[in-house]
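Residue numbers (the working numbering), protein chains in the order written: chain A, 1 to 316; chain B, 317 to 640.
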């Protein structure tokens with residue numbers, strides 16, 4: 001969780017438009033106000049093409065915003081980017097290194113560019129579990145090793161902020177698990193991590209807080225539990241011996257009832273005790289009564305569907 | 317300096333760059349070797365063989381008949397005023413006619429092979445600059461580098477200086493090596509070289525090294541602008557294939573001055589005199605010279621401005637454009 005109220009990333013009205021080759025305007029990021037608190041792992045969640053990578057690229061000075069203001073670690077960027085980049089590590093999309101160089105050679109060149117000694121290269125390689133493989137050519141690395149090397153590169157600077165854009169893309173399950181563990185450990189070790197992802201489970205497993213974007217706009221932001229709580233639909237799962245009889249009783253009470261295996265999911269009851277009372281009156285006794293918690297997936301789907309509908313309405 | 321050291325390390329670590337430099341060294345050595353072979357001293361055996369061929373011609377009745385006809389009427393052979401001695405001088409074969417070889421002449425080499433070597437090295441250094449920049453774009457490592465040093469102009473300049481130094485050092489070593497080998501060979505063959513020829517060779521080499529280093533830098537800047545090795549090579553190929561022909565069609569008096577090739581030769585040869593078909597000769601003119609002189613200064617100005625414009629546009633575009 002955030003260590004304090006400071007923001008490590010802040011954007012105000014950040015906007016980016018592209019022109020296609022045919023001259024058509026495409027809005028990639030639409031007046032985005034993003035605030036990432038210091039400490040922990042912050043998810044940056046959105047479907048593919050929602051503007052996550054463009055936002056990250058603007059923050060890192062790789063793309064110029066059309067409008068808006070940005071701050072990294074409290075400094076306005078891109079003006080003060082040279083001052084803050086020493087404290088920021090980033091992997092944008094796929095790892096990008098010189099294929100014919102060894103993993104170590106690639107890191108050494110980057111380290112020397114910022115005056116980091118060779119020992120830091122060894123430490124970073126060890127941190128990501130690449131010790132012993134560093135003398136192999138980068139082009140011979142597996143996807144997982146490439147991702148690890150990219151993360152090792154970010155660690156060379158001992159960053160306060162790590163920005164990782166879809167770091168588990170294309171990895172096998174073991175690789176995904178390793179990278180997620182590494183991210184979690186980094187977050188717990190005092191580094192603020194911005195994890196951009198379109199994978200809901202990843203964000204829910206790894207992140208303390210999350211910002212959700214769709215069509216270049218911020219849809220929701222906050223602690224994962226809070227967001228899930230806000231969007232919670234009032235549903236109760238009811239387990240009884242005779243679900244058919246119970247379903248008839250509850251429908252007579254004008255609640256929406258759906259079957260979930262041998263259990264029932266009841267929607268519309270103000271209080272859970274209303275359900276037990278109604279069933280007990282017909283000699284049906286409840287053996288399970290559980291509030292159905294919304295997960296991040298349902299929150300995400302609801303928000304992004306709303307955003308798509310809104311975008312379609314605006315364009316029509 | 318730190319960035320420059322990194323870029324120099326990156327440059328010499330590129331396999332394509334190493335291969336091109338080795339290729340340049342090999343070709344330079346081949347040209348030097350073939351020049352020395354073609355001018356090798358005549359052996360006693362070769363001389364005896366040539367003299368035998370002379371004797372064979374002299375002994376032929378047809379030749380003796382032609383010679384005596386000439387001696388009886390030399391003016392019929394060589395025009396009014398010709399003497400009998402002209403017949404012997406022009407018709408009697410000599411052994412060197414059958415040796416087909418001239419001694420090593422550094423002045424002659426400076427105007428011919430020396431220029432060729434420099435042009436070849438410069439062309440290869442353009443490819444070095446191109447592939448060095450192109451690899452950063454092709455692999456996507458440019459964005460990674462900018463995450464470590466976001467001051468784009470610094471990155472651009474460090475890479476450019478690395479190419480300039482790298483290409484300059486390679487060209488200096490190869491050109492010096494070429495002339496040292498030729499000079500030592502001439503010395504060992506007892507061929508004297510005038511001090512002014514030596515000076516001309518030194519200055520032509522200095523200009524050649526500058527051309528190669530500038531060529532490398534130009535190739536780099538153009539590729540940073542186009543962001544693709546193939547794009548730059550295609551542009552150079554298009555120029556090689558038809559650029560000069562298109563320039564010749566420019567409806568400007570003295571359009572030959574716009575030709576990069578002529579300006580390169582003007583730079584290397586301390587000025588050139590070229591035929592320019594865009595110079596129109598009118599019937600009213602008593603005399604008309606369609607040749608045009610492009611001086612060393614003209615060549616230097618042209619190439620300098622071309623390089624400077626490419627550098628400025630490349631750096632400014634790199635500073636502004638989004639990096640993928």
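For glycine and all other residues, C-beta sits at the position ideal for the given N, C-alpha and C.
- At a cut-off of 4 residues, the continuous stretches assigned as alpha helix (DSSP H) that sit fully inside the segment 46 to 106 of chain A are 52 to 59, 81 to 84.
- Within a 10 Å sphere around the beta-carbon of residue 582 of chain B sit 16 or more other beta-carbons, which makes this residue buried.
- For the segment 52 to 64 of chain A, the residues whose beta carbon sits under 8 Å from a beta carbon of chain B are, in order, 57, 60, 61, 62, 63, 64.
- Going by DSSP, residue 183 of chain A is part of the alpha helix (DSSP H) stretching over 173 to 188.
- A Cβ of chain A is located within less than 9 Å of the beta carbon of residue 461 of chain B.
- Under the three-state reduction of DSSP, residue 15 of chain A is assigned to strand.
- For residue 156 of chain A, the closest alpha carbon among the candidates A:164, A:129, A:124, A:185 is that of A:124.
- Residue 96 of chain A reaches chain B at 455, 456, 457, 459, 460, counting residues in chain order whose Cβ is nearer than 7 Å.
- Proximity of chain A to residue 321 of chain B at the Cβ level (cut-off 8 Å) is accounted for by 112, in chain order.
- Between residue 466 of chain B and residue 85 of chain A, the C-beta gap is smaller than 9 Å, which places the two residues in contact.
- The segment 436 to 443 of chain B and the segment 56 to 76 of chain A do not touch, with fewer than three beta-carbon pairs separated by less than 8 Å.
- Apart from the 5 residues on each side of it in sequence, residue 540 of chain B sits with its Cβ closer than 7 Å to the Cβ of 449, 472, 630, 634 in its chain, given in chain order.
- Residue B:569 holds the alpha-carbon nearest to the alpha-carbon of residue 597 of chain B among B:584, B:618, B:569, B:617.
- The contact set of residue 100 of chain A on chain B, defined by CB atoms closer than 7 Å, consists of 331 in chain order.
- At a cut-off of 9 Å between beta-carbon atoms, residue 449 of chain B makes no contact with chain A.
- Taking 9 Å as the cut-off, the beta carbon of residue 533 of chain B is found closer than this to the beta carbon of residue 627 of chain B.
- Annotation: residue 605 of chain B to residue 590 of chain B spans about 11 Å, alpha carbon to alpha carbon.
- Note on geometry: alpha-carbon atoms of residue 115 of chain A and residue 133 of chain A lie some 24 Å from one another.
- Per DSSP, the continuous beta strand (DSSP E) segment holding residue 286 of chain A begins and ends at 286 to 291.
- Comparing alpha-carbon positions, the option among B:446, B:358, B:372, B:357 lying closest to residue 548 of chain B turns out to be B:446.
- Within the segment 524 to 580 of chain B, not a single complete beta strand (DSSP E) segment reaches 3 residues in length.
- Between residue 282 of chain A and residue 263 of chain A, the CB-CB gap reaches or exceeds 9 Å.
- Residue 590 of chain B has B:608 as its beta-bridge partners, per DSSP.
- Of the other Cβ atoms in all chains shown, fewer than 16 fall within 10 Å of the Cβ of residue 367 of chain B; this residue is therefore exposed.
- Contact between the segment 401 to 418 of chain B and the segment 492 to 507 of chain B is absent: fewer than three C-beta pairs spanning the two stretches fall below 8 Å.
- Judged by DSSP secondary structure, residue 252 of chain A falls within the alpha helix (DSSP H) whose first and last residues are 243 to 252.
- Going by beta carbons, residue 513 of chain B and residue 422 of chain B fall inside the 9 Å limit.
- Against chain A, the CB of residue 556 of chain B has no partner CB under 9 Å away; the residue lies outside that interface.
- Each residue's CA atom was taken as its position, placing residue 121 of chain A and residue 442 of chain B some 34 Å apart.
- Within the same chain, and ignoring the five residues on either side of residue 27 of chain A in sequence, the residues whose Cβ sits closer than 7 Å to its Cβ are 17, 216.
- For residue 36 of chain A, there is no enclosing alpha helix (DSSP H); the residue is found in the beta strand (DSSP E) stretching over 25 to 37.
- The C-beta separation of residue 530 of chain B from residue 619 of chain B comes to about 7 Å, placing the pair in contact by the 8 Å criterion.
- Closest option to residue 153 of chain A, judged by alpha-carbon separation, among A:91, A:213, A:199: A:91.
- Bridge pairing for residue 163 of chain A: A:90, A:194 [DSSP].
- Beyond the five residues adjoining it in sequence on each side, residue 374 of chain B comes within less than 8 Å, by CB distance, of 380, 408, 409 in the same chain, given in chain order.
- When C-alpha distances from residue 462 of chain B are compared across A:245, A:113, A:303, A:219, the shortest belongs to A:113.
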